[in-house]
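Notes follow once the structure below has been shown.
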């Protein structure tokens, strides 16, 4: 099994980084081929070039790192994303990754008759781990959980992922060490389940 894990947080000492490290380590203990990507450390450029916005022909990027990420997609069995909730969105670097990597002719095509997306990737599972300082009640009742909409309704089904799992660790900023340790154990369990389920 081959799983890519993407981290979108600029600080090496962040709890997001700890989640990323725990997930990668857990997958490796299960003999999974892990493809880890710290997008900030790699210097991933989130800005699309004009030629990349040709949604009709699906023009390939001239950016070598973007092409590497696109080429990796074909052999993946699952994706894991680790990122904070910033203004109800993923960090810009991850939004740019979605827009530059999950492109037409690489991750999906549109059905000629209906215009509906058809996923081109073999992977069907994804896990999204988020951190937040917003209460679950406010997230649900005031904001409508926009990250759920982004991942589970918009992005991942568009490329053919029908098993989208998401967990939010909240309230992170003032959390105790024991709480964070429990969250890291939970993240490991969620990563393991992505491997063992089905």
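Numbering (the working numbering), first residue to last: 5 to 202. Using N, Cα and C, we set each Cβ at its ideal position, and we do this for glycine too. From a predicted model like this one, the values you see are computed outputs, not experimental measurements.
Check                                                                                                                  : Outcome
Beta strand (DSSP E) segments (min. 3 residues) lying fully within the region 61-141                                   : 82-88, 112-114, 121-123 and 129-136
Range of the contiguous beta strand (DSSP E) that encloses residue 192                                                 : Here residue 192 belongs to no beta strand (DSSP E); instead the alpha helix (DSSP H) covers 181-200.
With 16 other Cβ atoms within 10 Å as the buried cut-off, status of residue 75                                         : exposed
Whether residue 5 touches residue 30 by CB criterion (8 Å)                                                             : no
For residue 33, the first and last residue of its enclosing alpha helix (DSSP H)                                       : 19-33
Residue 88 vs residue 135 beta-carbon contact at 8 Å                                                                   : yes
Close-in-space but distant-in-sequence residues of the same chain around residue 20 (CB under 7 Å, 5 per side omitted) : 11, 13, 86, 87, 88 and 135
Helix, strand or coil at residue 12 [DSSP, three-state]                                                                : coil
Span separating the alpha-carbon of residue 142 from that of residue 93                                                : 15 Å
Test item: CB-CB of residue 198 and residue 124 under 8 Å                                                              : no
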